[in-house]
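Top line first, the protein sequences correspond to chains A and B. For the first sequence, this note's numbering gives the first residue as 3, with consecutive numbering after it. For the second sequence, this note's numbering gives the first residue as 3, with consecutive numbering after it. All C-beta atoms in this analysis are idealised placements derived from N, C-alpha and C, irrespective of residue type, glycine included. Report on the structure given below.
There are 2 protein chains.
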Amino acid sequence: MGFIEKLRDRWQASDSLLCVGLDPDPAKFPDVFVDDDDALFGFCRDIVDATAEYACAFKPQIAYFAAHNDGEAALQRLIAHINGAYPDIPVILDAKRGDIGNTAEQYAVEAFDRFGADAVTLNPYMGRDSAAPFLQRNDRGCVFLCHTSNPGARDFQELLVDGAPLYQHVARTIASEWNGDGNCALVVGATFPEELKIIRGIVGDMPLLIPGIGAQGGDVEATVRNGKTANGTGLMINSSRGILYASGGAGYADAAADAAKTLRDEINRHR
Amino acid sequence: MGFIEKLRDRWQASDSLLCVGLDPDPAKFPDVFVDDDDALFGFCRDIVDATAEYACAFKPQIAYFAAHNDGEAALQRLIAHINGAYPDIPVILDAKRGDIGNTAEQYAVEAFDRFGADAVTLNPYMGRDSAAPFLQRNDRGCVFLCHTSNPGARDFQELLVDGAPLYQHVARTIASEWNGDGNCALVVGATFPEELKIIRGIVGDMPLLIPGIGAQGGDVEATVRNGKTANGTGLMINSSRGILYASGGAGYADAAADAAKTLRDEINRHR
């Protein structure tokens, strides 16, 4: 079963559009992890186990692992844990890769074979041939940056090309030319709800990964209203810090579960 | 000493504009490395030792390490070897990273602290704030994609914005707004020599990293003529496969040295 089908099944089975982002920052871990050499894995595993019930997807951010020696081994074990304990929940490796042919093939091996992710985030700036080695793995998902959630998204993504902003050209090109095997999705920031609405209009029912809820200020209601598909799905609304660090203390897992359930329910009220 | 200063000194001391790319593909290694668990490191170390005399920089491509379990440990040891044995030769980690604030900080730690690189390649699509955590490390270099060497470079990088292609806006923005600390450089493919000339006109004497010579078909003379600065430097002309796999056999190190010397000399004939 491919990534998109797995995601659609999970949306239905979990009644959730919540993507739990795994951005482990040891400086924010509860005291119980002080002096724990296996804290990266242990903390994330506890978050996964506490929130799986409420998640349509998990999204580990590779930078938070790659900043540490042996971080990749922790990431590998974490994804293996998710794939083993929650085989119905897709894993999106947030890596924003992008390079030419031979190198892109190596990155595809990294994401899909070494780490076992169902999908990977990609940067489209280098064009079609840089995406091809990922697109060809058509049982896996390719989640391309379109309009990101940060203020700097305006610097290049909103430049006007033939009267329309660049991000719309990116959305149109991916939807009409790169998605032949139906395994594409896009990253669209919740902090730009009007742009989200326009993108939904361009890409039909293509899944959208939505960062920017919570600390970055994105609004849940506007995100769901402007981003959902006709059947009330189509979105992976990500929350990382708001769930991972809901409690700084010993009750971190219960607090994460509560935060995930609360956000899942808030999202569902607007579907 | 910062990356740019280290690079300028090395251009002079080595009389070379050649960047040796380290893209280790075990399928192409000489037979001596069959069944060698340490082949990624061992092969690259031998190439480094054979070519250092002719190199203005080394550019390990992280994907070729990240495709393997424990590949990061090999990359770490390789860069430590270069920094120890050839402290005057800058190391550019080719990783094409790009993400928002907190995550970008983790990637900066990965490239500069964990791996000890002098510079890292970056993707500008997410804008200024995604670059800031790298730019702030002003003793290190930020090498941004501008016009890449692959055919897909045309898909988005050449879209017209106010009558000028996107890549020119990227070059202008980085040169005029992101380079306050003077630690920026750009990636420009040798396969687009006219665009290289235009970019040199926009960015003054900013260093340019040039992939695309050799297997991709870029021409050395046109690259040097269109890309050099007034003092005959300004370029890191990369060759990877043409040097690494100059001989498939036991004489790989000598063949790599010969290939590096030959290309260094060919570049110099056109300076």
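Could you give the DSSP three-state label for A:Met128: helix, strand or coil? Residue state, collapsed to three classes: helix.
Between which two residues does the beta strand (DSSP E) holding A:Gly143 run? That run of the beta strand (DSSP E) goes 143 to 149.
State the CB to CB distance for the pair B:Ala252 and B:Asp260, rounded to an integer number of angstroms; the pair is presumed to be in contact (CB under 8 Å). Actually they do not touch by this definition, with Cβ atoms about 14 Å apart.
Is there a C-beta anywhere in chain B that falls below 8 Å from the one on A:Gln108? Put simply, the CB of A:Gln108 is near chain B, with a gap under 8 Å to one of its CB atoms.
Let's test the definition: count the other Cβ atoms within 10 Å of the Cβ of A:Pro89 and tell me whether it reaches 16, buried, or not, exposed. Here A:Pro89 is exposed: its Cβ has fewer than 16 other Cβ atoms, across all protein chains shown, within 10 Å.
Closer than 8 Å to chain A by CB, B:Ala261: So no, B:Ala261 is outside the interface.
Simplified DSSP assignment, three categories, for B:Asp115: B:Asp115 falls in the helix class under three-state DSSP.
CB contact flag (A:Ala166, A:Leu188, <8 Å): Not a contact, by the Cβ cut-off of 8 Å.
I want to verify the contact list: residues of chain A whose CB lies under 9 Å from the CB of B:Arg139, in sequence order. Chain A residues near B:Arg139: none, gap ~14 Å exceeds 9 Å.
Partners in chain B for A:Pro153, counting only beta-carbon separations shorter than 7 Å: Per Cβ cutoff of 7 Å: Asp131.
Using a cut-off of 8 Å between C-beta atoms, extract the partners of B:Asn240 located in chain A. Result: empty, since nearest Cβ-Cβ is about 12 Å, beyond 8 Å.
Residues that A:Ile49 contacts on chain B, provided the C-beta gap is smaller than 7 Å: Those within 7 Å of A:Ile49 in chain B number zero; the least Cβ separation is about 17 Å.
According to DSSP, B:Gln63 sits in a beta bridge with which residue or residues? Beta-bridge pairing links B:Gln63 to B:Asp96.
If the criterion is Cβ atoms closer than 8 Å, does the pair B:Tyr109 and B:Arg116 meet it? Contact annotation: B:Tyr109 and B:Arg116 have beta-carbon atoms that are not nearer than 8 Å.
In the DSSP assignment, what residue or residues form a beta bridge with B:Asn240? The partner list for B:Asn240 (beta bridge, DSSP) reads B:Cys21.
Checking contacts by CB at 8 Å: is A:Thr150 closer than that to chain B? At a cut-off of 8 Å between beta-carbon atoms, A:Thr150 makes contact with chain B.
Could you give the C-beta distance for B:Ser151 and B:Pro213, rounded to a whole number, given that I count them as a contact under 8 Å? With a Cβ gap of about 5 Å, B:Ser151 and B:Pro213 count as contacting.
Cα-Cα separation between B:Lys61 and B:Cys21, rounded to whole angstroms: The straight-line gap separating the alpha-carbon atoms of B:Lys61 and B:Cys21 is approximately 7 Å.
B:Ala155 to B:Ser132 span [Cα, whole Å]: For B:Ala155 and B:Ser132, the distance between alpha carbons rounds to 21 Å.
When you compare the stretch 236 to 243 of chain A with the stretch 210 to 227 of chain A, are there three or more beta-carbon pairs, one atom per stretch, that lie closer than 8 Å? The stretch 236 to 243 of chain A vs the stretch 210 to 227 of chain A: in contact.
Interface flag, A:Pro28 vs chain B, CB-CB below 8 Å: Chain B has no Cβ within less than 8 Å of the Cβ of A:Pro28.
Using a Cβ cut-off of 8 Å (strictly closer), state whether A:Glu268 contacts chain B. Cβ-Cβ to chain B under 8 Å: no for A:Glu268.
Stretch pair the stretch 132 to 147 of chain B + the stretch 176 to 184 of chain B: three plus CB contacts closer than 8 Å: Two segments are said to touch when three or more pairs of C-beta atoms, one from each, lie closer than 8 Å; by this definition the stretch 132 to 147 of chain B touches the stretch 176 to 184 of chain B.
Are the C-beta atoms of A:Met3 and some chain B residue less than 8 Å apart? Judged by the 8 Å Cβ criterion, A:Met3 is not in contact with chain B.
Would DSSP call B:Thr231 helix, strand or coil? DSSP places B:Thr231 in coil when its eight states are reduced to three.
Which bits of chain A does B:Arg156 rub up against, with CB to CB less than 7 Å? Contact note: B:Arg156 reaches chain A through Gly129, using a C-beta cutoff of 7 Å and chain order.
Hey, A:Ala80 and A:Val122 are a contact pair by Cβ (cut 8 Å); roughly how many whole angstroms apart? According to the sequence as given, residue 80 of chain A is Leu; it is not Ala. 15 Å between Cβ atoms; not a contact.
Quick check: the Cα distance between A:Asn71 and A:Pro92, rounded to an integer number of angstroms? Each residue's alpha carbon lies about 26 Å from the other.
Out of B:Tyr66, B:Tyr254, B:Ala75, B:Ile269, which has the shortest C-alpha to C-alpha gap to B:Ala52? Of the candidates B:Tyr66, B:Tyr254, B:Ala75, B:Ile269, the one whose C-alpha sits nearest the C-alpha of B:Ala52 is B:Tyr254.
Three-way DSSP call (helix, strand, coil) for A:Thr193 in this model: Collapsing the DSSP output to three states places A:Thr193 in coil.
Can you tell me the Cβ-Cβ gap for B:Gly103 and A:Phe158, rounded? I've got them flagged as a contact below 8 Å. Under the criterion of beta carbons closer than 8 Å, B:Gly103 and A:Phe158 do not qualify as touching, at roughly 17 Å.
Determine whether the Cβ of A:Ile102 lies closer than 8 Å to any Cβ atom of chain B. Judged by the 8 Å Cβ criterion, A:Ile102 is in contact with chain B.
Limits of the unbroken beta strand (DSSP E) element including A:Leu211: A:Leu211 -> beta strand (DSSP E) spans 210 to 212.
For a contact defined as C-beta to C-beta under 9 Å, what are the partners of B:Leu161 on chain A? Residues of chain A passing the Cβ test: Leu161, Val163, Asp164, Leu168, His171.
8 Å Cβ cutoff, A:Pro89 in contact with chain B: It does not: the Cβ of A:Pro89 has no partner Cβ on chain B nearer than 8 Å.
With distance defined between alpha-carbon atoms, name the residue in A:Thr193, A:Phe45, A:Pro153 nearest to A:Ala76. Considering only alpha carbons, the answer is A:Phe45.
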